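Asker: Count along the sequence shown from 1, then add 363; that gives the number in the numbering used here. Virtual Cβ for every residue (Gly too), placed ideally from N, Cα, C. Predicted model only: the values in this text are computed from it and were never measured. The following block contains the structure, expressed as structure tokens.
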Amino acid sequence: GYSIILVLETMKTFSAEDGLTEEALVTKLRTCRYHHLFLHTSLRHNSSGTCRWGEFGEGGLLWGECSTRHFEWFAGNPVTELLFKVKELYGLDDEVTFRNVTVSSEYRPRPLHLGTATQIGAIPTEGIPCLLKVLLPSNCSGLPVLYVRDLLLNPPAYEIASMIQATCKLMSKVTCSIPEFTCVPSAKLVKLLELREANHIEFCRIKNVLDEILQMYRNSELNEILKLLMDPTWVATGLKIDFETLVSECEWASCRIGEMISLDGESDQKISSYPIIPNDFFEDMESSWKGRVKRIHIEEAFAEVERAAEALSLAVTEDYVPIISRIKATTAPLGGPKGEILYDEICRGTETAKGTCIAGSIVETLDEIGCLGIVSTHLHGIFSLPLNTKNTIYKAMGTEYVDGQTKPTWKLIDGICRESLAFETAQKEGIPETIIQRAEELYLSAYAKDVFSGRNDPKLEHFGSGTNVNGSDEAYYKLRSIRAGAVRPKTESTNRPEILRKEVESAITIICQKKLIGEVNCFAIAARELPPPSTIGASSVYVMLRPDKKLYVGETDDLEGRVRAHRSKEGMQNASFLYFIVSGKSLACQLETLLINQLSNQG
Numbered sequence: 364g365y366s367i368i369l370v371l372e373t374m375k376t377f378s379a380e381d382g383l384t385e386e387a388l389v390t391k392l393r394t395c396r397y398h399h400l401f402l403h404t405s406l407r408h409n410s411s412g413t414c415r416w417g418e419f420g421e422g423g424l425l426w427g428e429c430s431t432r433h434f435e436w437f438a439g440n441p442v443t444e445l446l447f448k449v450k451e452l453y454g455l456d457d458e459v460t461f462r463n464v465t466v467s468s469e470y471r472p473r474p475l476h477l478g479t480a481t482q483i484g485a486i487p488t489e490g491i492p493c494l495l496k497v498l499l500p501s502n503c504s505g506l507p508v509l510y511v512r513d514l515l516l517n518p519p520a521y522e523i524a525s526m527i528q529a530t531c532k533l534m535s536k537v538t539c540s541i542p543e544f545t546c547v548p549s550a551k552l553v554k555l556l557e558l559r560e561a562n563h564i565e566f567c568r569i570k571n572v573l574d575e576i577l578q579m580y581r582n583s584e585l586n587e588i589l590k591l592l593m594d595p596t597w598v599a600t601g602l603k604i605d606f607e608t609l610v611s612e613c614e615w616a617s618c619r620i621g622e623m624i625s626l627d628g629e630s631d632q633k634i635s636s637y638p639i640i641p642n643d644f645f646e647d648m649e650s651s652w653k654g655r656v657k658r659i660h661i662e663e664a665f666a667e668v669e670r671a672a673e674a675l676s677l678a679v680t681e682d683y684v685p686i687i688s689r690i691k692a693t694t695a696p697l698g699g700p701k702g703e704i705l706y707d708e709i710c711r712g713t714e715t716a717k718g719t720c721i722a723g724s725i726v727e728t729l730d731e732i733g734c735l736g737i738v739s740t741h742l743h744g745i746f747s748l749p750l751n752t753k754n755t756i757y758k759a760m761g762t763e764y765v766d767g768q769t770k771p772t773w774k775l776i777d778g779i780c781r782e783s784l785a786f787e788t789a790q791k792e793g794i795p796e797t798i799i800q801r802a803e804e805l806y807l808s809a810y811a812k813d814v815f816s817g818r819n820d821p822k823l824e825h826f827g828s829g830t831n832v833n834g835s836d837e838a839y840y841k842l843r844s845i846r847a848g849a850v851r852p853k854t855e856s857t858n859r860p861e862i863l864r865k866e867v868e869s870a871i872t873i874i875c876q877k878k879l880i881g882e883v884n885c886f887a888i889a890a891r892e893l894p895p896p897s898t899i900g901a902s903s904v905y906v907m908l909r910p911d912k913k914l915y916v917g918e919t920d921d922l923e924g925r926v927r928a929h930r931s932k933e934g935m936q937n938a939s940f941l942y943f944i945v946s947g948k949s950l951a952c953q954l955e956t957l958l959i960n961q962l963s964n965q966g
């Protein structure tokens with residue numbers, strides 16, 4: 364029969380299955396997910412030297428299945444050569460070892476025929492309902508469905524099947540409550556842990572799995588079920604461990620995670636509270652991070668926040684409360700308070716242009732009489748008025764560009780803010796995308812000149828005064844590309860891609876050095892070229908040099924896939940790329956945002 368070898372790079376494991384029929388092999392190829400397919404030359408040349416693909420020859424099932432997919436031929440010892448190719452693809456050191464998790468196929472029934480698998484819907488086929496949808500509850504999805512489907516496609520040995528049946532019988536008879544049975548994709552979890560990017564939520568999930576195992580161990584009704592599950596788990600994962608070892612390791616790991624993260628019901632991290640400050644303020648500031656890691660591990664951060672909260676309360680008490688008290692204590696000649704604190708929206712009931720001028724005149728008057736106050740406005744035209752002020756200071760809310768969106772930093776900075784987050788806020792509040800897109804079209808049709816001179820949006824200043832906007836459609840797509848994370852160079856004086864590539868490479872180097880990231884090595888991917896195998900599985904940041912002279916900045920763990928995706932779009936077939944490898948997805952995301960912000964500043 365045939366043999367199939369499966370290698371899981373993330374888990375550093377491999378397994379081999381032999382004695383398969385050609386139909387079983389095709390069934391496996393259709394149901395298992397894989398990134399790369401390698402075919403051994405023994406498929407192509409049999410002992411008589413003729414070229415055949417399986418028992419049906421060329422044009423048969425296996426030939427038909429593989430000829431529609433991308434694959435490579437290889438020769439030599441199948442396991443040794445395949446592991447060598449995987450290490451080469453993923454840039455792994457020769458010393459990296461892969462664990463053999465092969466489960467013997469002895470005494471196992473034959474896998475389902477392709478026709479049978481298709482007829483019961485185990486292989487998704489149009490017009491054929493899936494048996495699993497009838498067998499399983501409607502709310503059952505994800506890993507359990509995949510496991511049961513695998514049992515149908517590849518029936519286990521009788522001994523294992525009997526254990527699964529016994530487990531189901533016992534489970535149907537238990538009277539106690541049962542665990543939630545948290546399902547965590549192991550490969551994703553292992554990668555996050557390996558990259559040290561697992562967060563509080565992931566560790567909570569791990570602890571849930573561990574505690575559910577311990578709950579079963581400690582419960583007399585569930586303990587027998589847990590024991591019965593050991594061998595079926597070994598067959599499914601290739602991990603064969605002793606029952607007592609499993610329990611003791613779960614206890615140790617659960618305890619270690621519990622020592623680090625905050626668990627439900629713990630109350631050592633209360634939100635700050637001061638009588639003079641609204642509670643909602645502290646709730647917004649602190650609820651996103653308190654209650655994740657135990658306080659004992661981040662005492663310094665807690666102390667810093669507590670000092671800041673106390674300083675804020677003191678500032679409000681000393682600087683703001685006396686003003687209120689003084690106003691309330693003084694009286695006007697005709698009685699009543701001499702002054703009062705008002706919260707007013709100036710000219711909210713009039714048209715924008717005249718309202719802006721009235722607001723400007725009021726600011727001049729308040730400045731002249733020495734009034735204390737803060738004017739916050741969406742009337743950005745006020746900054747273009749020739750105001751006569753002596754005591755007025757301009758402040759703005761700081762912003763940063765993250766993942767293609769402008770977000771506030773919640774820090775007050777010197778300067779003028781002409782930026783509006785209206786469209787982003789509308790999107791966040793759930794207004795349909797079609798309405799927002801139409802609003803952008805209307806905005807650009809009315810204010811295109813202002814927008815592309817940078818007057819209304821600093822992100823667009825790099826288009827420069829030389830940009831020619833031919834109608835609202837072009838302007839609309841320019842704005843959409845900015846919102847999507849595309850950056851357009853200010854200068855369009857050069858038409859030679861090589862010069863532009865060197866300029867972008869130089870700019871990337873300067874930007875990364877300024878941020879103390881160190882030297883980065885940029886590599887080019889020219890038109891009709893693909894990245895080398897060493898990029899597979901590695902985090903990288905890339906810049907696409909589009910044929911229309913725009914730049915697109917992105918980050919990915921699958922550079923080849925991303926390059927193919929970009930080039931599959933109309934007009935992008937000859938797009939070239941610059942990329943550099945970084946250590947981890949978190950850093951890649953930071954650098955992506957940094958380049959989107961800074962490349963335009965570099966021209």
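1) Name the two residues that bound the continuous beta strand (DSSP E) containing I690.
2) Measure the alpha-carbon distance for T545 versus V572 and round it to whole angstroms.
3) Between the alpha carbons of I523 and P472, how many angstroms are there, rounded?
4) Whole angstroms are fine: how far does the CA of E663 sit from the CA of D836?
5) Pull up the distance between the alpha-carbon of K948 and that of V926, whole angstroms please.
6) Grab the span of the beta strand (DSSP E) containing D605 for me, first residue to last.
7) Name the one or two DSSP bridge partners that I576 has.
8) Leaving out five residues on either side along the sequence, give the residues of the same chain with a beta carbon under 6 Å from the beta carbon of L950.
9) Do you know how far the Cα of R581 is from the Cα of L556?
10) Could you spell out where the alpha helix (DSSP H) holding H929 opens and where it closes?
11) Establish whether the CB of Y365 and some CB of chain D are separated by less than 8 Å.
12) Are the CB atoms of L954 and V906 nearer to each other than 8 Å?
13) I'd like to check one pair, I745 with G723: are the Cβ atoms closer than 8 Å?
14) Specify, as a first and last residue, the run of the beta strand (DSSP E) that I315 falls within.
15) Measuring straight from C-alpha to C-alpha, what distance separates L577 and I624?
16) Give me the Cα-Cα distance between A785 and G712, rounded to the nearest whole angstrom.
17) Taking the beta strand (DSSP E) that E730 belongs to, which residues open and close that run?
18) Which partner residues of L750 appear in the DSSP bridge assignment?
19) Quick one, which of L893, L729, K774, K653 has its alpha-carbon nearest T752's?
20) Would you kindly check if the distance between the Cβ of K375 and the Cβ of F461 is under 8 Å?
21) Alpha carbon to alpha carbon, how far is I661 from W652?
22) For V726, I'd like the list of residues in its chain whose CB is within less than 8 Å of its CB, leaving aside the five on either flank, ordered along the chain.
23) Just curious, the alpha helix (DSSP H) that F665 is in, first and last residue?
24) Three-state secondary structure (DSSP) at R619?
25) If contact is defined by three or more beta carbon pairs under 8 Å, each pair taking one atom from either stretch, is the region 607 to 621 in contact with the region 637 to 649?
26) Whose CA, out of P519, L533, E667, E714, lies closest to the CA of P595?
27) Helix, strand or coil for R851 per DSSP?
28) In the DSSP assignment, the alpha helix (DSSP H) including S525 goes from what residue to what residue?
29) Only counting the same chain, and skipping five residues up and downstream in sequence, which positions put a Cβ closer than 8 Å to that of T872?
30) Starting from P771, follow its DSSP beta bridges and name the residues at the other end.
31) When the Cα of I888 is compared with those of R864, K877, I874, S902, which residue comes out closest?
32) With a CB to CB cut of under 6 Å and the five nearest residues on each side skipped, what residues in its chain are close to E428?
33) Ends of the alpha helix (DSSP H) at Y365?
34) Exposed or buried, what is N937 when buried is set at 16 or more other beta-carbons lying within 10 Å of its beta-carbon?
35) Measuring alpha carbon to alpha carbon, tell me which residue in V497, P492, H743, V370 is nearest T715.
36) In angstroms with no decimal places, state the Cα-to-Cα distance between V537 and S378.
Answerer: Answer, in terms of the structure:
1) From DSSP, I690 is part of no beta strand (DSSP E) but of the alpha helix (DSSP H) over 684 to 692.
2) 6 Å
3) 12 Å
4) With a pLDDT of only 49 at D836, under the threshold of 50, the placement of this residue in the model should not be trusted, and no figure is reported.
5) 18 Å
6) No beta strand (DSSP E) holds D605; DSSP gives it neither H nor E.
7) According to DSSP, I576 bridges with nothing at all.
8) none
9) 28 Å
10) 922 to 930
11) Among the protein chains of the structure shown there is no chain D, as only one such chain exists.
12) no
13) yes
14) No answer is possible for residue 315: it lies beyond the span of the chain, which begins at 364 and ends at 966.
15) 19 Å
16) 19 Å
17) Note that residue 730 is Asp in the sequence shown here, rather than Glu. Careful: D730 lies outside any beta strand (DSSP E), inside the alpha helix (DSSP H) at 715 to 732.
18) Bridge partners of L750: none, in fact.
19) L729
20) yes
21) 11 Å
22) V738, I745, L750, T752, T755
23) 662 to 678
24) helix
25) no
26) P519
27) A caution first: R851 carries a pLDDT of 41, below 50, which makes its placement in the model too unreliable to give a value.
28) 521 to 536
29) E882, V883, C885
30) T762
31) R864
32) V389, L392
33) Careful: Y365 lies outside any alpha helix (DSSP H), inside the beta strand (DSSP E) at 365 to 371.
34) exposed
35) H743
36) 35 Å
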